[in-house]
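Written below as structure tokens is the structure these notes are about.
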Amino acid sequence: MQTFHSASGKKIEVEDVALFSTPIIVTKFNDHEKYEIESFDKVDRRPEFWDSSVNTSFPGMEKDDPYISQETLDEIRNSITEQVKDVFEIYNMPRDIVMYNFWYNAYYEGQGQELHNHLGEDNHNPFWCGVYFAKNCFNSQFKFRRSDYSLRTQQPFDFHQTRLVEYYRDVWPSGIPDGYICLFPPHLLHKVTVGKENRDKMRLSFSFNIHLGVPKSPR
Ligand SMILES: [Fe+2]
Numbered sequence: 045m046q047t048f049h050s051a052s053g054k055k056i057e058v059e060d061v062a063l064f065s066t067p068i069i070v071t072k073f074n075d076h077e078k079y080e081i082e083s084f085d086k087v088d089r090r091p092e093f094w095d096s097s098v099n100t101s102f103p104g105m106e107k108d109d110p111y112i113s114q115e116t117l118d119e120i121r122n123s124i125t126e127q128v129k130d131v132f133e134i135y136n137m138p139r140d141i142v143m144y145n146f147w148y149n150a151y152y153e154g155q156g157q158e159l160h161n162h163l164g165e166d167n168h169n170p171f172w173c174g175v176y177f178a179k180n181c182f183n184s185q186f187k188f189r190r191s192d193y194s195l196r197t198q199q200p201f202d203f204h205q206t207r208l209v210e211y212y213r214d215v216w217p218s219g220i221p222d223g224y225i226c227l228f229p230p231h232l233l234h235k236v237t238v239g240k241e242n243r244d245k246m247r248l249s250f251s252f253n254i255h256l257g258v259p260k261s262p263r
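For the sequence shown, my numbering assigns the number 45 to the initial residue and increments by one for each residue that follows.
Following this line, the structure appears as structure tokens:
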């Protein structure tokens, strides 16, 4: 409980409780300094069903990527997997995980990713997902967006100046810097917008989906 005093001097004890919050987990990637990946040219390489221009290796199943060596990709993938296991252990979550999708997204000015989540067809969903912010990932480019609009069913009021403003926000613009990994549950909507800050600087991130144990049908 916090103690406040009303305008008339009355003592008021009060607290608000964040019910049913959504967790994301942010961890500093211990091996970030080990990988110096050279920038490459602006390229539009995306699967048919993605709307925005981006150079992506999704779903990451090719063995001869044209921009980053397989050896480097494998090392980063393994290194992230080991760190995620350690993080899960801290949270008393299972260490028995498999990273079954691992891909990079490279962006320059004007490229990005439309709003999406990581839910699979027919409920073949990951356990958790993540993004490693590797290079030139600037504030507010990566945003999570609320999908539950229950609070919109209240009579509208100007919540911006209230103490409850955080509960009403629709968007969480990430300030997570290069060198960090963000883990999130697969239903959470997110998007990436890249502007002139990346005109000459390639933004690079790695994304992944995690399964519990050995997946029945690797994709
Ligand atoms: Fe994503």
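For glycine and all other residues, C-beta sits at the position ideal for the given N, C-alpha and C.
Fair warning: this is a prediction, and the values are worked out from it, not measured in the lab.
Check	Outcome
Tell me the DSSP secondary structure of residue 131 in three-state form.	helix
So does the segment 140 to 147 actually touch the segment 241 to 260, counting three or more Cβ pairs closer than 8 Å?	yes
Does the contact criterion of 3 or more C-beta pairs under 8 Å hold for the segment 202 to 215 versus the segment 166 to 177?	no
Can you name the residues that DSSP bridges to residue 149?	100, 249
Between residue 146 and the rest of its own chain, which residues show a CB-CB distance below 6 Å, the 5 nearest in sequence each way excluded?	104, 121, 252
Can you find the residues in the same chain that come closer than 8 Å, C-beta to C-beta, to residue 170, ignoring five residues on each side of it along the sequence?	144, 145, 162, 164, 230, 253, 254, 255
CA-CA distance, residue 192 and residue 213?	11 Å
Identify every run of the beta strand (DSSP E) within the segment 168 to 223, keeping only runs that are complete inside it and at least 3 residues long; order them along the chain.	172 to 179, 186 to 189, 215 to 217
Specify the secondary structure class of residue 117 as computed by DSSP and reduced to three states.	helix
Determine the burial state of residue 51: buried for a count of at least 16 other Cβ atoms within 10 Å of its Cβ, exposed for fewer.	exposed
Identify the continuous beta strand (DSSP E) that holds residue 59 and give its terminal residues.	Per DSSP, residue 59 belongs to no beta strand (DSSP E) and is neither H nor E.
For residue 162, name the three-state secondary structure that DSSP assigns.	coil
For the 8 Å Cβ check, are there 3 or more pairs between the segment 219 to 238 and the segment 106 to 113?	no
Should the segment 91 to 100 be regarded as contacting the segment 118 to 137, the criterion being three or more beta carbon pairs within less than 8 Å?	no
For the candidate residues 156, 211, 160, whose alpha-carbon lies nearest to that of residue 228?	160
Got a sec? Which residues, its chain only, sit under 6 Å from residue 225 by beta carbon, not counting five neighbours each side?	71, 73, 174, 176
Measuring only the C-alpha atoms, how far is residue 129 from residue 123?	10 Å
Around the Cβ of residue 246, are there at least 16 other Cβ atoms within 10 angstroms (buried) or fewer (exposed)?	buried
Which residues bound the beta strand (DSSP E) around residue 155?	Note, residue 155: premise wrong, no beta strand (DSSP E); not H, not E.
Tell me whether residue 184 counts as near ligand 1, meaning its Cβ is closer than 7 Å to at least one heavy atom of that ligand.	no
Return helix, strand or coil for residue 66, following the three-state DSSP convention.	coil
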